[in-house]
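Undergrad:
There are 2 protein chains.
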Amino acid sequence: MNENAQVSRISKGRRTEIRRENERVILDAAEKVFAEAGFGGATMQLIADMAGLPKANLHYYFPTKEALYRQVVRNIFEIWLHAADSFDDAPGPVEGIGRYIEAKMDISRRHPHGSKVWASEVMHGAPVIQDYLETTLRDWTAGRMAVIQRWIDEGKMAPVDPRHLLYMLWAMTQHYADFGHQIETLNHGRPLSDAQWHEATETVKTVILRGIGVI
Amino acid sequence: MNENAQVSRISKGRRTEIRRENERVILDAAEKVFAEAGFGGATMQLIADMAGLPKANLHYYFPTKEALYRQVVRNIFEIWLHAADSFDDAPGPVEGIGRYIEAKMDISRRHPHGSKVWASEVMHGAPVIQDYLETTLRDWTAGRMAVIQRWIDEGKMAPVDPRHLLYMLWAMTQHYADFGHQIETLNHGRPLSDAQWHEATETVKTVILRGIGVI
DNA sequence: CCACAACCTGACCATTCGGTCAACATAATT
DNA sequence: AATTATGTTGACCGAATGGTCAGGTTGTGG
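Note that the protein sequences, when read in sequence, are chains A and B. Sequential numbering of the first sequence, starting at 66, is according to my numbering. Sequential numbering of the second sequence, starting at 66, is according to my numbering.
#1: At a CB-CB cut-off below 7 Å, which residues of chain B make contact with Met233/A?
#2: Can you give me, in chain order, the residues of the region 116-127 of chain A that have a beta carbon less than 7 Å from any beta carbon in chain B?
#3: Extract the residue ranges of the beta strand (DSSP E) inside the region 115-148 of chain B, only unbroken runs of 3 or more that lie entirely within it.
#4: In three-state terms, what does DSSP make of Ser258/A?
#5: Give me the Cα-Cα distance between Pro119/B and Ala113/B, rounded to the nearest whole angstrom.
#6: Could you tell me whether any Cβ in chain A is nearer than 9 Å to the Cβ of Glu199/B?
#7: Go through the region 195-271 of chain A residue by residue and report every complete run of the alpha helix (DSSP H) that reaches 4 residues or more, in order.
#8: Within this structure, are the beta carbons of Ala121/A and Ala107/A separated by less than 9 Å?
#9: Hey, out of Phe127/A, Gln110/A, Gln136/A, Leu234/A, whose CA is closest to Lys169/A's CA?
#10: How would you label Arg281/B, buried or exposed, when you count the other beta carbons within 10 angstroms and need 16 or more for buried?
#11: Could you give the distance in angstroms between the alpha-carbon of Gln214/B and the alpha-carbon of Pro227/B?
#12: Can you list, in chain order, the residues of its chain with a C-beta nearer than 7 Å to that of Glu186/A? Leave out the 5 residues immediately preceding and following it.
#13: Taking Cβ positions, are His176/A and Ile217/A nearer each other than 9 Å?
#14: Would you kindly report the start and end of the unbroken alpha helix (DSSP H) that includes Pro156/A?
#15: From the DSSP output, in three-state form, read off Thr81/A for me.
#16: Tell me whether the beta-carbon of Phe287/A lies closer than 9 Å to the beta-carbon of His189/A.
#17: Is there a Cβ from chain B that is less than 9 Å from the Cβ of Met188/A?
#18: Beta-carbon of Lys97/A versus every beta-carbon of chain B: anything under 9 Å?
#19: Excluding sequence positions up to five away, which residues of its chain have a Cβ less than 8 Å from the Cβ of Lys221/A?
#20: For Ala102/A, does the three-state DSSP call read helix, strand or coil?
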């Protein structure tokens, strides 16, 4: 039994590796194309070309364009959720919100495509991930609002509506991904440098932390 | 000559009225459809149905789908530029930035479709209005940054990077339009009420104005 | 080595979309 | 009233797209 399982796992190794690698390549290409062209503007052929695979191969791994899109959106959602860990076990708003801003700015820089796909999905009425909004995101938001409210009650920060504070954090951090092209254009057509990203993060942190009365 | 011009103007009246009315109906429908489906996902047939006109009639007034889209984007851009008037002749950041936030929040509420079309256009690399970004928007930004820098130099507000402060203002105010569906979902599926819009605006104003050290 | 399953892909199809056009209707001009 | 200019529309077309499938290749277990 043990041996069988072992052998089975090893034998399956090659196949699963092929599958995992191809799915990864396809998802990466899809994320980029969906971000740059939107769901309607993206074509399976374009994604296939970018992935270096024949179009029919995409349909082998993902039955429909919508299924592929759905997976891309879900992957982004997962990354977002994990970013909130820094929020939880912080002693106060300075560390909690400060680290959350840093984490989200970092995601905006490293996953600009994903952020755009999410924005596009929500702007179009969230036809694919509406259930996520109503369950996971709603619970997540309620939990973080409670944390902020507790900080307020404990006198650790000024009484700011927790809900709108969260919206402000999302808006500012994601703006650097979603409107990256505009920001780049206003930066003489060049992407933000390391120093400029750091400057942006610090400015956001400073204004927000002072804005909630903890500086 | 005068009479001729007068007669000509009156005679032309009916025709120009028809043209203006139809263009308005088409542009309104197009703004909504482009916002909800993106450029690629929008179809001329859908816009025609929403406008209550046969599809061929759209092509009589706008030669191509792209020309129609271009006009929609330009209209939004105009609205945005006018919103900055409140910025200019303000004695200091409290009035200037405060009023600017109010004006932009108001636009987000009354023109959510336009804001989404703009966001979508920028996210896709601004293929249609890149020249606007490089000329009008760049000049506008430079001008407002100078105003903010002057306020800083005069000791009227804390030294905050003017560029990133502008980005923060754009991000937060437009978020309420672009992510309106998400906000609505997190508000028990209901649109924000008058009171809630007011609360959002006040929260943004409070955090920002305190964040730049003027409260 | 054989048989089975998983993987790959060129060719093909039905549908949809942006755009055209000829014929017609209405308003303006002479 | 006749003519011209402007507005209207159903029918149509070529191109592109999402998706299918039969037949092939490669890996896997016995």
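For every residue, glycine included, the Cβ atom is placed at its ideal position computed from N, Cα and C.
TA: In short:
#1: Locating residue 233/A in the first sequence gives position 168, counting from the first residue. The answer, in chain order, is Met237, Val269, Val272.
#2: For the region 116-127 of chain A, no residue has a beta-carbon sitting nearer than 7 Å to a beta-carbon of chain B.
#3: none
#4: On the first sequence, residue 258/A is found 193 positions in, with the first residue counted as 1. In this structure, Ser258/A counts as coil in the three-state DSSP scheme.
#5: Taking the first residue of the second sequence as 1, we reach residue 119/B at position 54. Taking the first residue of the second sequence as 1, we reach residue 113/B at position 48. Straight-line Cα distance between these residues: approximately 6 Å.
#6: On the second sequence, residue 199/B is found 134 positions in, with the first residue counted as 1. Yes - at least one Cβ of chain A is within 9 Å of the one on Glu199/B.
#7: 203-218, 227-243, 245-250
#8: As a working mapping, residue 121/A is identified with position 56 in the first sequence. As a working mapping, residue 107/A is identified with position 42 in the first sequence. Taking C-beta atoms as the reference points, Ala121/A and Ala107/A fail to come closer than 9 Å.
#9: For this step, residue 169/A is matched to residue 104 along the first sequence. Answer by Cα proximity: Leu234/A.
#10: This structure cannot settle anything about residue 281/B, because the visible part of chain B is limited to 66 through 280.
#11: Reading the second sequence from its first residue, position 149 is the one you call residue 214/B. Reading the second sequence from its first residue, position 162 is the one you call residue 227/B. Going by the C-alpha atoms only, they are around 7 Å apart.
#12: Stepping through the first sequence from its first residue, residue 186/A is reached at position 121. Excluding residues within five positions, the ones whose Cβ falls inside 7 Å are Val138, Val193, Ile194.
#13: In the first sequence, the residue the question calls residue 176/A occupies position 111. In the first sequence, the residue the question calls residue 217/A occupies position 152. No, they are not a contact pair.
#14: Reading the first sequence from its first residue, position 91 is the one you call residue 156/A. Careful: Pro156/A lies outside any alpha helix (DSSP H) and carries neither H nor E.
#15: As a working note, residue 81/A is residue 16 in the first sequence. Reduced to three states, the DSSP call for Thr81/A is helix.
#16: This structure does not reach residue 287/A, given that chain A is present from 66 up to 280, and the question cannot be answered.
#17: Here the question's residue 188/A lines up with position 123 in the first sequence. Taking Cβ atoms only, chain B reaches closer than 9 Å to Met188/A, which makes this a yes.
#18: On the first sequence, residue 97/A is found 32 positions in, with the first residue counted as 1. No - not a single Cβ of chain B is within 9 Å of the one on Lys97/A.
#19: Walking along the first sequence from the start, residue 221/A turns up at place 156. Gly157, Pro158, Val279, listed in sequence order.
#20: Counted from its first residue, the first sequence places residue 102/A at position 37. DSSP places Ala102/A in helix when its eight states are reduced to three.
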